[in-house]
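First residue of the sequence shown: 752, per the numbering used here; consecutive thereafter.
We treat Cβ as the ideally placed atom computed from N, Cα and C, and that holds for glycine.
Everything numeric in this text was worked out from a predicted model, so none of it was measured.
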Amino acid sequence: MSISAAKKFENFTAWFDDLLLKARIADNRFPVKGFLVYMENGAFMLDKIRELLERELERAGHKKMYFPLVTSEEVFSKEAEHIKGFLKEVFVIDQGPGEQRLIVRPTSETIMYPMFKLWIRSHADLPLKVYQSVNVYRRETKATRALYRVREIPWNEAHTVHENASEAEKQVREAMEIYRRVLEKLGISYMTLKRPDFDKFAGAVYSIAFDAWNPDGKVNQVATVHNLGRNFARAYGLEFEKKDGSRGVPYQTCYGFGFSRVLAAVIAQHGDDHGLVLPPVIAPTQVVIIPIPFKGQEKKIYEYSAKVRDLVASKWRTVLDDREDVTPGEKFYHWELLGTPVRLEIGPKEVVESSVTLARRDTLERSKVSLEELPGKVDEVMKSIESNLLEKSRRMMMSLVSDAKTLDEVKKILRQRRIARIEWCNETACAEKLKEEVGGEIRGERYDIAEKPTGKCIVCGKPAKSVVYVSRAY
C-alpha cells in the first residue's frame, strides 16, 4: 500500500511532503514562511544525527561551546567578502532609535572570531578546535522548501585555528573524514566537490561540498568544509607568538553540517512508496512486535509477545504494539510508514514453535527465527540493513552521472533528473552561460579523485582545464 497517490520517483515533491506529515517528522504549516515544526519523530532523528556527529568531533579533539545568537553590524562587516556573501540573507534585530542594530547569525565566523582573538596568545594555544550545534537563520530569497531550504536551520559548525597552512590543510582532511563516517553510518551517498571560485564560501580560500543525490534530480548539499587561509584572521586581528618569539597570523578552517538537510537525504534516498526506510541508528523505534491474536489464544500470544519484547528491548528501542482496536494489517502499514527497521510477528504457530516471524523494512523480506537465535539474528539484520542502504544508495549515485559533450546533451541529462559530467575552461562567463541555457549549474570538480580533461570546454570550445559536474540544486 502506498502512503499516498504520489510515487517517490514520479512526483517526489508530493511524496516527500505527504510523508513528512504522515510519519510525524515535520509540519510545514507554521504561520511564518520558512519556519517549520519538528514533530516527535523528526526531533528524535535530528538528535540522533547530532549525537553521531558530536561523538566524532569530540573524538577528534573538538571542544563543545555555545556562542551568542547575535553580533553587531560593526563586527559583522569586518570581513568585506564575507558580509557581501551574506548581506541579502541576514535577519536584523532593530533595537530602536539610538541603538545599534543586531545581526542574527547566518553562520558564526563573525561571532566566534572576536573571542578567538582574546583566547589566542601563543603557539601553546594552538590548535584551537571548537564546535557548536545550534540554529542559524538565513532570510532565503528563493522559495522555501521543508528541510531543504528553510530560514531556521538546525546545524553543527566547527571552527579551527592553526599555526601554519599545512596544519590547516590537514584539518580539512580530518573534517572530511568525520563527515564521511557519519554520512556512511546513515547510508547516505554523495559526491565531494571542490566548488568553483565564484561559488565558494564567502571569505574562504576554497570550499568543498558534500552533494547528496535526490530523487527529483536536484542535488542536496548536506555539508561543507572550508579552508579560510588567513583571511578572517587578518580581518579580526588574530595573532600569536611563535616558538622563535616572532609574531604570526594563524590559519583557519570551518565546516558545517546541516542536520535538516541530512535528515532530508535519509528520507529521500532510502524511503519508498510504503513510507520511511530508516537506518537503525536513528530510528525512533528499532524493533516492533506485533501479536496476531486468534480467538481463544489471545492470552498466550500476548504473554509470549511480552517475553519476546523483554528479550530484545535491552539492546534495541522496542515497542510491543498490543492495541486491540487495530488489526495486524493496519499495524504493519503503520510501522512500515514509520520506517521501523525490524518487525516481529507473533501468532499461534510462533508460540507453539518458540519462534517469531521477522520482517526487515529495507527489503520487506520475511523469515522464521527461533527464540533462542533471535537476539543474534536481530543484531545481524540491523547490520545488514545499514550496509544494504549504503550500498543501494551508492549504486544509485553512480547510475545518475553521465558524460555530456554538448549543451543539448546536458539539457537531456538534466531533464532525466540526472547529473552531467562535462569539461570546462574555468571561466565564469562560460559557467553563467551554461546555467542560463541548460537550467543547471556547475557544482564543482571531484575533490577525492583526480579527473583530467582531455578535450575542449563544452561552452566556448577553448581547451578545458577541469572536469566538473552539472546539476540542479536546492
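Per the coordinates, the alpha-carbon of Y888 lies some 26 Å from the alpha-carbon of L989. Going by C-alpha positions, D778 is about 17 Å away from A1019. When Cβ pairs closer than 8 Å are counted between the two stretches, the region 904-917 is seen to touch the region 1000-1008, the count reaching three or more.
In this structure, V1132 sits away from R1145, with a CB-CB distance that is not shorter than 8 Å.
Look at L1141 here: in three-state DSSP terms it is helix. Residue pairing by DSSP puts D778 in a beta bridge opposite V788. Restricting attention to P1079, S1118 and R946, the CA atom closest to the CA of E1192 is found in R946. Assignment of beta strand (DSSP E) within the region 803-871, counting only whole runs of 3 or more residues, yields 821-823, 842-844 and 853-855 in chain order. With three or more CB-CB distances shorter than 8 Å, the region 1034-1048 counts as touching the region 1086-1096. Looking at Q851, D1023, K1066 and H1085, the one whose alpha-carbon comes closest to that of R1074 is H1085. Taking all protein chains in view, the Cβ of A1201 is surrounded by fewer than 16 other Cβ atoms within 10 Å, so the residue is classified as exposed. In chain order, V881 and Q883 place their CB closer than 6 Å to the CB of M816, counting only its own chain and leaving out the 5 sequence neighbours on each side.
Taking every protein chain shown into account, the CB of G996 has fewer than 16 other CB atoms within 10 angstroms, so this residue is exposed. Comparing alpha carbon positions, the residue from N965, A974 and K1066 closest to P1126 is K1066. Residue range E1192 to R1197 is occupied by the beta strand (DSSP E) that includes R1194. When the beta-carbon positions are compared, L1027 and L937 stay at least 8 Å from each other. By the neighbour-count criterion, in which a residue is buried when 16 or more other Cβ atoms sit within 10 angstroms of its Cβ, G1190 is exposed. Between E830 and R932 the beta-carbon gap is near 31 Å, outside 8 Å, which marks them as no contact. Linking R1117 to V1107 through their CA atoms gives a straight-line distance of about 10 Å. Shown here for A926: same chain residues with a beta carbon closer than 6 Å to its own, the five before and five after excluded, namely V976 and Y1006 in chain order.
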